[in-house]
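Below is one structure, written out as structure tokens, with a few remarks after it.
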Amino acid sequence: MPLYDFHSHSFFSDGELLPMELIRRAVAKGYTALAITDHASASNIDELVEKVTRDCELAWTEWGMRVLPGVELTHCPPRAIARLARQAKRAGAKVVVIHGETLVEPVPPGTNRASVECPDVDVLGHPGLLTEEEAHLARENNVFLEITSRRGHCLG
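The opening residue of the sequence shown carries number 10 in this note's numbering; numbering runs sequentially from there.
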């Protein structure tokens with residue numbers, strides 16, 4: 010059965026591993042594909058994508074592992090999401106995740122809506138405060154919703 014993870018972090022943000030170590034562990038566990046999506050904003054998009062891309066290419070060459078460079082835009086102003094997602098794609102990001110609105114973090118209101126309306130966003134991560142209308146927009150615009158039961162990222 011194929012196994013995919015499109016939202017992971019290296020030590021370039023709040024993960025604990027080098028990108029290559031994260032990749033190697035995914036290979037060892039039989040993953041089919043992995044996206045490395047460290048936290049990003051206007052200050053570090055280009056640098057993150059460039060750094061991670063090197064290991065993604067090496068993983069493909071050496072192990073045949075499909076690893077996608079990406080970013081998780083985090084705590085960005087909703088009106089900047091489209092511009093920053095476009096910047097990430099131009100920098101070479103194959104996956105753009107947006108850090109969604111939750112109960113425990115001060116993500117700006119309107120983030121979920123701006124994300125599901127943006128053609129350059131691939132995943133809205135842990136959108137704990139998602140409306141039904143936003144869920145329908147995500148479906149219409151091919152934005153995947155990462156649903157989690159992590160405490161504070163959901164109502165339960």
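Idealized CB from N, CA, C, for every residue including glycine.
Given the structure is predicted, the values throughout are model-derived calculations rather than measurements.
- Query: Using a Cβ-Cβ cut-off of 8 Å (strictly less than) and excluding sequence neighbours within five positions of residue 90, which residues of its own chain qualify?
  - Reply: 82, 107, 120, 123, 124, 127, 130
- Task: Check residue 45 in the structure and name its three-state DSSP category.
- Result: In the displayed model, residue 45 falls within a strand according to three-state DSSP.
- If you run the structure through DSSP and keep just helix, strand and coil, what is residue 55? helix
- Query: Nearest-angstrom Cα distance between residue 29 and residue 103?
  - Reply: Rounded to whole angstroms, the separation of the alpha carbons of residue 103 and residue 29 is 17 Å.
- Per DSSP, what kind of secondary structure is residue 80 in: helix, strand or coil? strand
- Query: If you count every other CB in all the chains shown that lies within 10 Å of the CB of residue 113, and 16 or more means buried, which is it?
  - Reply: exposed
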